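The sequence shown stops at residue 384 when you use the working numbering, and every number in between is there. Beta carbons are placed, not taken as given, at the ideal position from N, Cα and C, and that holds for glycine. In this text, all values refer to a predicted model and were calculated from it rather than measured experimentally.
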Amino acid sequence: MAQVELDHVWKRYGDFAAVRDFSLRIADGEFIVLVGPSGCGKTTTLRMVAGLEDISQGEIRIDEQVVNHLPPRDRDIAMVFQSYALYPHMNVFDNMAFSLKMRRFPAAGPDGTTALRKLSHADIEKRVRQAAKLLGIEDQLTKKPAQLSGGQRQRVAVGRAIVRNPKVFLFDEPLSNLDAKLRVAMRAELAKLHQALKSTMIYVTHDQAEAMTLGDRVVVMDKGVIQQAQDPQTLYDHPVNRFVAGFIGSPSMNFLDASVRMQDSATFLEFGSFRLRVPEELGPAAAPHAGKGVVFGIRPENLHDRLFAQTVRPDSTLPAKVEVKESMGSDLFLYLKVGDRTVHARMSPATKVDVGSTLDVYFDMTKMHLFEKGTGASIL
Ligand code: ATP
């Protein structure tokens, strides 16, 4: 268990900065997820923590000790990669025991002094069996990797990290080789594992659903820069900019260019030939942008068939033509044409519409977002 701090960390490859001024304090036992599109610098950040990549500038500290120049083996960190990298000729037990046999661990000797010592066979066996039990692979210990399923192989790779009882676990897209169903199952297993081990974990993924379900805090990155680092619900409800708003949530938030218009004492968002009223309580935040271009954001689940809306505020309903309909059983996904704009809606399956028909769509404007057009910064 350990606290990990990244303090103004940069990684440069020549003129290109892959990670820029990255600062984050990770609490002891926290599950942190780094998420962002391909090339945003997640893996590079993780590799710097592991010691597999030099740091160009800044400091990384583990339990307040600066580790910038410590080799990976001295950082007491275990890393699980996307490729399981199991030894094909060894059985599961030996794959998990391998690093224990090779390493020395601090232990008290017969004279009472603590020194780095090799583990006894009995200790190794105990650690491997405990980890295998935790991961539900006790009955696979004599099998070779080729005789295992993808999910079982991934468990062995995780088990190999657990047996070392490291201060910090690092995961680099560990589930991306698994099929969709297994990914979801393994995701839950990893969450349980974290609850059981209570270790500090840093996890890299490009999958926002994985990030949201696993992370105590989720760090959204873009172009080497942290955009926002907060708990999943705060990220979802209060994204700091358009990038985070669009990255978190599936299907993703709808964005429509709009302009803010004041009329009498009400505030409206205008989209060419149609408009929506900003709720009174949100008016003061939108008003300073009157006359300016903004970007309106609304999540698909905040568009409703007017017939099923709980309460209907004035000037919040627009007619929309149904272009595509996807029935998922639990939800109905609709691609709707509103004027010349297309929006994506996630509605109740009770909504009865046909492709080509027109639906009165209620926009729950209490859930609206507004972003500055140029910077993408969140206004509300
Ligand atoms: P992915 O999800 O695709 O793995 P990532 O967010 O993990 O992406 P990184 O692997 O951290 O991204 O790479 C960040 C950026 O740094 C990318 O633009 C990549 O091309 C660049 N990069 C990584 N390693 C090197 C290198 N050795 N030399 C030059 N550029 C590199």
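CB-CB length for residue 128 against residue 104, believed under 8 Å: With 8 Å as the limit, residue 128 and residue 104 qualify as a contact, their Cβ atoms being about 5 Å apart.
Residues that residue 329 bridges to, as DSSP identifies them: As computed with DSSP, residue 329 is found in a beta bridge with 338.
Pick from 168, 45, 290 that is closest to residue 102, judged by C-alpha positions: Ranking 168, 45, 290 by Cα distance to residue 102 puts 168 first.
CA-to-CA distance, residue 54 to residue 23, given in whole angstroms: Approximately 15 Å, taken between the alpha carbons.
Check: residue 42 C-beta below 7 Å from any heavy atom of the ligand ATP: Answer for residue 42: yes, Cβ within range of the ligand ATP.
Three-pair Cβ contact test at 8 Å for the segment 12-29 versus the segment 178-194: Cβ pair count under 8 Å is below three, so no.
Close-in-space but distant-in-sequence residues of the same chain around residue 42 (CB under 8 Å, 5 per side omitted): If we look at residue 42 and ignore the five residues flanking it on each side, its Cβ neighbours are 210.
Straight-line Cα distance separating residue 163 from residue 376: Per the coordinates, the alpha-carbon of residue 376 lies some 47 Å from the alpha-carbon of residue 163.
Residue 78 classed as buried or exposed, judged by whether at least 16 other C-beta atoms fall within 10 angstroms: Exposed: under 16 other Cβ atoms inside 10 Å.
Identified DSSP bridge partners for residue 110: Per DSSP, 120.
Three-state class that DSSP yields for residue 323 in the structure shown: Of the three classes helix, strand and coil, the one that applies to residue 323 here is strand, per DSSP.
Beta-carbon contacts of residue 148 that lie in its chain and below 6 Å, excluding the five residues immediately before and after: Correct list, in chain order: 95.
DSSP state of residue 293 mapped onto helix, strand, coil: Here residue 293 sits in helix by DSSP.
Nearest-angstrom Cα separation, counted from residue 161 out to residue 88: As the crow flies, the alpha-carbon of residue 88 is around 6 Å from that of residue 161.
Three CB pairs or more closer than 8 Å across the segment 238-247 and the segment 262-280: No: the two stretches stay apart, fewer than three of their Cβ pairs being nearer than 8 Å.
For residue 275, the three-state DSSP class (helix, strand or coil): Correct three-state label for residue 275: strand.
Same chain only: Cβ atoms within 7 Å of residue 273, ignoring 5 sequence neighbours per side: Cβ neighbours of residue 273 beyond the five flanking positions: 262, 264, 279, 280, 282, 300.
Cβ-Cβ distance between residue 208 and residue 216 below 8 Å: Result no, Cβ atoms of residue 208 and residue 216 do not sit closer than 8 Å.
Closest Cα partner of residue 152 within the set 227, 37, 370, 182: Cα-wise, what sits closest to residue 152 is 182.
Rounded C-alpha distance that separates residue 329 from residue 365: In a straight line, the C-alpha of residue 329 is about 15 Å away from that of residue 365.
Residue 48 CB to nearest heavy atom of the ligand ATP below 7 Å: Correct: residue 48 has its Cβ closer than 7 Å to the ligand ATP.
Identified DSSP bridge partners for residue 4: Only positions 5 to 384 of the chain appear in the structure, and residue 4 is not among them; the question remains open.
The segment 288-298 / the segment 311-331 touching (three or more Cβ pairs under 8 Å): The segment 288-298 makes no contact with the segment 311-331: fewer than 3 CB pairs, one atom from each, lie closer than 8 Å.
Candidates 63, 116, 108, 381, of which the one nearest residue 125 by Cα: The shortest Cα separation from residue 125 among 63, 116, 108, 381 belongs to 108.
Coarse secondary structure for residue 77, derived from DSSP in three states: In this structure, residue 77 counts as helix in the three-state DSSP scheme.
Nearest neighbour of residue 132, chosen from 227, 69, 166, 335 [CA to CA]: It is 166.
Between the CA atoms of residue 204 and residue 37 - distance to the nearest angstrom: Taking the straight line from one Cα to the other gives about 11 Å.
Whether residue 302 touches residue 257 by CB criterion (8 Å): Taking 8 Å as the Cβ cut-off, residue 302 and residue 257 qualify as a contacting pair.
C-alpha distance - residue 241 paired with residue 367, whole-angstrom precision: Approximately 16 Å between the Cα atoms of the pair.
Residue closest to residue 340, alpha-carbon to alpha-carbon, out of 383, 323, 353, 228: Of the candidates 383, 323, 353, 228, the residue whose Cα lies closest to the Cα of residue 340 is 323.
Residue interval of the alpha helix (DSSP H) (run including residue 62): Not the alpha helix (DSSP H): residue 62 falls in the beta strand (DSSP E), residues 61-66.
Those residues which DSSP pairs with residue 91 across a bridge: Paired residue(s): none; residue 91 is not in a bridge.
Whole-number beta carbon distance between residue 344 and residue 297, since they are thought to touch under 8 Å: Going by Cβ atoms, the distance from residue 297 to residue 344 rounds to 17 Å, so no, they are not a contact pair.
Pairwise C-alpha distance: residue 230 and residue 51: Taking the straight line joining both Cα atoms gives about 16 Å.
Spatially closest choice to residue 158 from 224, 141, 358, 369, by CA coordinates: Each of 224, 141, 358, 369 was checked against the Cα of residue 158, and the nearest Cα belongs to 141.
Three-state secondary structure (DSSP) of residue 198: In the structure shown, the three-state DSSP call for residue 198 is helix.
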